[in-house]
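Numbering-wise, the numbering used here comes out as the position in the sequence shown, counting from 1, plus 4. In this text, a Cβ means the ideal position worked out from N, Cα and C, and glycines have one as well.
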Amino acid sequence: GERVLVSTATKALQDQLHGRDLPLLLQALDLPARTAVLKGRASYLCRHHLAQARHDGEAPWGGRHGADLARIELWAQATKTGDLAEVPNLDERSPVVARVTSTKESCLGQGCPHFHQCHVYLARREAQAADVVVINHHLFFADLELRESGMAELLPGAAVVVFDEAHQLAETASEFFGAQWGTGQVLDLAQDVVAVGQRCARGLADWQGQRERLRQRVSELCLLVGEGGAPSSALQVQLRWAGQAPDRVDAQTWAAALQAMVQALRSTLAALDCVAEMTPELAHLHRRTVVLLERLQHFVSPSQEGCVRWLNLAGQLRLHESPLDVAPALSQVWAGPDPEPGAWDEEAGVSASQARSWIFTSATLGDDAGLDWFVDACGLQGACTLRVDSPFDYARQAALYVPQQLPPATDTAHSERLAHWVVDAVQRLGGRTLVLTTSARALQVIGSVLQQRFVAGCGIEVLVQGQAPKRRIMERFRAPEGVTGHVLVGSASFWEGFDVPGDALQLLVIDKLPFPSPGDPLVEALGQRLKQLGRSAFRDHALPAAAIALKQGAGRLIRSESDSGVLVVADERLLRMGYGKRLLRALPAMRQLQSQQEFEAALDALTRTSTKDFPGT
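Structure follows, in structure tokens:
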């Protein structure tokens with residue numbers, strides 16, 4: 005009888021919960037509850053920015069990008085929700101998406117001429133009236149950030165909050181309790197300064213000069229870090245920032261580059277100071293500049309104690325600072341603010357003194373009775389825990405195979421040899437294969453080998469993450485057309501939240517044990533912190549994290565009581581090393597195949613129309 009918020013990890017899972025799971029549940033329970041889905045601003049079309057996008061003389065609207073904009077304009081005439089996920093064949097990575105959506109800083113609010121038809125506003129109003137609202141973790145913490153700043157909250161009051169895929173909470177929270185600054189935001193600001201300045205305040209400032217100054221400072225920063233220029237978006241450079249400057253960067257040169265960027269933003273701010281009150285658009289540009297300047301000045305100062313800093317360079321430069329321990333901050337969230345006596349939340353219909361109920365659920369919260377890995381990280385000591393057995397009969401439905409004939413997982417030849425081994429399995433099974441990789445390099449190597457082997461028209465289509473929009477890849481793999489079999493090679497984002505029930509997926513290959521990257525600055529800092537506390541970085545962080553990730557990836561294989569399939573973990577450390585027993589315990593209790601012959605027999609059984617001959621049945 006209470007209003008409920010359900011928060012999940014991704015927008016795709018939001019759509020699944022709201023469009024498929026909740027309707028089935030409410031029908032089964034015969035409940036007349038109203039449901040709504042609410043996403044962040046970047047998911048909804050902004051009518052104002054769409055009108056501006058077509059007249060943006062410097063935007064890359066030729067070729068594919070021009071087709072994307074035309075597709076959005078046609079869809080915009082009929083959409084009721086404004087959710088860009090509805091646009092057919094739209095690549096979510098297209099630069100057009102950023103130009104037709106708003107941010108917290110660029111939204112004109114009630115001053116927008118399209119405010120009463122605003123899709124974000126209408127979605128929030130619908131959520132306020134619903135009994136069950138499906139959100140995502142990022143939106144939950146963004147709402148928390150707004151409330152703490154004294155601004156109006158986005159989300160409706162609710163007596164019960166359910167976190168699905170809760171194992172991601174601590175990582176998501178670290179983004180919002182930390183700090184970020186990116187050159188992409190500066191370049192967007194530079195473009196808008198010219199567009200809005202020339203339209204609303206022509207001749208009152210050198211808007212072109214402001215843009216070029218900001219662009220120049222961005223280029224200098226990227227050159228300084230990238231040693232010759234910013235890489236493409238496909239290539240990521242990550243640098244530790246433990247001292248005054250990032251690794252490989254001279255401290256004095258770095259400080260000078262940051263100060264030059266500060267001065268460029270101050271110059272833009274001074275130009276906007278004189279015209280900010282002329283129009284709502286100029287006022288919003290002024291606020292955006294203030295926010296970017298404040299965030300950059302945070303990084304000019306030394307890092308806060310208990311935090312770690314690093315840089316990412318992938319198309320744009322991003323500065324990050326995250327707390328090493330978010331448990332204290334999260335425990336405050338779960339406790340909630342101290343209510344005033346007699347206070348009443350009219351939206352939720354409950355007394356403010358009535359505490360919320362928090363429910364955290366996932367298939368991968370830990371492999372111990374107390375779920376300590378999750379509980380400790382999220383500040384939930386003392387919470388009630390419940391472990392529920394899977395409804396699937398893994399001993400009958402699935403088998404595990406660890407091939408011994410491949411090079412060690414640490415060998416540089418491992419990915420290519422694995423790819424050729426997968427070719428034979430795919431031919432035997434006729435497709436129906438998902439390969440999950442632990443690195444971008446392995447994704448490229450394995451995807452390339454498979455695509456060279458299975459050319460167009462051969463009966464097997466190879467889908468590789470990054471070569472098409474994720475949504476399109478997922479839909480094509482789930483519903484193969486005709487007699488074509490499919491192989492999907494995916495990395496991080498396919499390890500969870502990818503649901504393929506039925507025969508479309510019967511062979512799941514994990515290339516290596518998914519240990520956290522030791523070169524990741526956050527992982528490295530966490531390890532150092534554990535050592536200072538007299539604990540083991542491997543035993544207390546890397547190993548539990550690998551167990552969680554391995555179980556999450558393996559969970560893609562069996563999605564219903566009638567599914568069957570084989571899981572391959574192509575890393576002999578699972579059987580050879582002592583810690584392998586801990587990782588095996590994290591996996592469902594499957595029958596282990598002992599030889600290549602048993603593996604091939606299991607694949608042959610899967611190709612038959614009946615699974616009665618599948619090993620273990």
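query                                                                                                                                                                           : result
For A413, tell me which candidate among Q242, A268, A574 has the shortest Cα-Cα distance.                                                                                       : A574
DSSP state of C462, grouped into three classes?                                                                                                                                 : coil
If distances are taken between C-alpha atoms only, which option among E216, T437, R543 comes closest to W377?                                                                   : R543
Excluding the 5 residues preceding and the 5 following V91 in the sequence, name in chain order all residues of the same chain whose CB lies nearer than 7 angstroms to its CB. : R75, I76, W79
So R360 and V164 are in contact, right, with Cβ under 8 angstroms, and what is the actual spacing, rounded?                                                                     : 7 angstroms
Counting only the same chain and skipping the five closest in sequence on each side, list residues whose C-beta sits under 7 angstroms from that of E604.                       : R432
Here's the rule: buried if 16 or more other CB atoms are within 10 angstroms of the residue's CB, otherwise exposed. What is M581?                                              : exposed
Going by alpha carbons, who is nearest to G569 out of L191, L588, P592, P518?                                                                                                   : P592
With a threshold of 6 angstroms on Cβ separation, who are the neighbours of L208 within its own chain once the five nearest residues in sequence on each side are excluded?     : V279
In angstroms, rounded to a whole number, what distance separates the CA positions of V166 and W338?                                                                             : 12 angstroms
Between R291 and E96, what straight-line distance do the alpha-carbon atoms span, to the nearest angstrom?                                                                      : 27 angstroms
Within the 7 angstroms Cβ cut-off, does Q56 reach chain D?                                                                                                                      : In summary, chain D is missing from the structure at hand, where a single protein chain is found.
Does the stretch 18-29 touch the stretch 173-188, meaning 3 or more C-beta pairs lie closer than 8 angstroms?                                                                   : no
On the DSSP bridge list, what partners appear for Q242?                                                                                                                         : N316
Considering just the uninterrupted stretch of the beta strand (DSSP E) at V513, what are its terminal residues?                                                                 : 511-514
DSSP has G494 in a bridge; who is on the other side?                                                                                                                            : L440
For P522, which residues in the same chain have their Cβ closer than 6 angstroms to its Cβ, ignoring the five residues on either side in sequence?                              : none
DSSP three-state label for L583, please.                                                                                                                                        : Note on identity: in this sequence residue 583 is Tyr, with Leu being the wrong assignment. Y583: coil per DSSP, three-state reduction.
Using 10 angstroms around the beta-carbon of M282, count the other beta-carbons present and answer buried if the total reaches 16, otherwise exposed.                           : exposed
What are the uninterrupted segments assigned as beta strand (DSSP E) that are 3 or more residues long and contained completely in the stretch 272-346, given in chain order?    : 311-318, 320-327
Bridge partners for Y398 per DSSP, in chain order?                                                                                                                              : None; Y398 has no bridge partner.
State yes or no: is the C-beta of W211 within less than 7 angstroms of the C-beta of V222?                                                                                      : no
Taking the beta carbon of H418 as the centre, do at least 16 other beta carbons fall within 10 Å, making it buried, or is it exposed?                                           : buried
Tell me, which residues are paired with N140 by DSSP?                                                                                                                           : T12
Looking at the unbroken beta strand (DSSP E) that takes in V200, where does it start and where does it end?                                                                     : From DSSP, V200 is part of no beta strand (DSSP E) but of the alpha helix (DSSP H) over 187-204.
Can you give me the Cβ contacts of T389 inside the same chain, cut-off strictly under 6 angstroms, excluding the 5 residues immediately before and after it?                    : L375
How big is the Cα-Cα spacing for W499 and V430?                                                                                                                                 : 20 angstroms
Sorted by chain position, which residues of the same chain lie with C-beta nearer than 7 angstroms to A331's C-beta, five sequence neighbours on each side aside?               : D380, A381, C382, G383
Would you mind stating whether L571 and A550 have Cβ atoms separated by less than 7 angstroms?                                                                                  : no
Just to confirm my understanding: we take H142, look at its own chain, exclude 5 residues before and 5 after, and list those with CB closer than 7 angstroms. What are they?    : G44, T176
With DSSP collapsed to three states, give me the class of T368.                                                                                                                 : coil
Do W79 and the ligand SAH come close, with the Cβ less than 6 angstroms from some heavy atom?                                                                                   : Among the ligands in the structure shown, none appear at all, so the ligand SAH cannot be discussed.
In angstroms, rounded to a whole number, what distance separates the CA positions of G113 and L467?                                                                             : 41 angstroms
In or out: E309 buried (at least 16 other Cβ within 10 Å) or exposed?                                                                                                           : exposed
Identify the continuous beta strand (DSSP E) that holds A40 and give its terminal residues.                                                                                     : 39-41
Sorted by chain position, which residues of the same chain lie with C-beta nearer than 7 angstroms to A134's C-beta, five sequence neighbours on each side aside?               : R38, T39, A40
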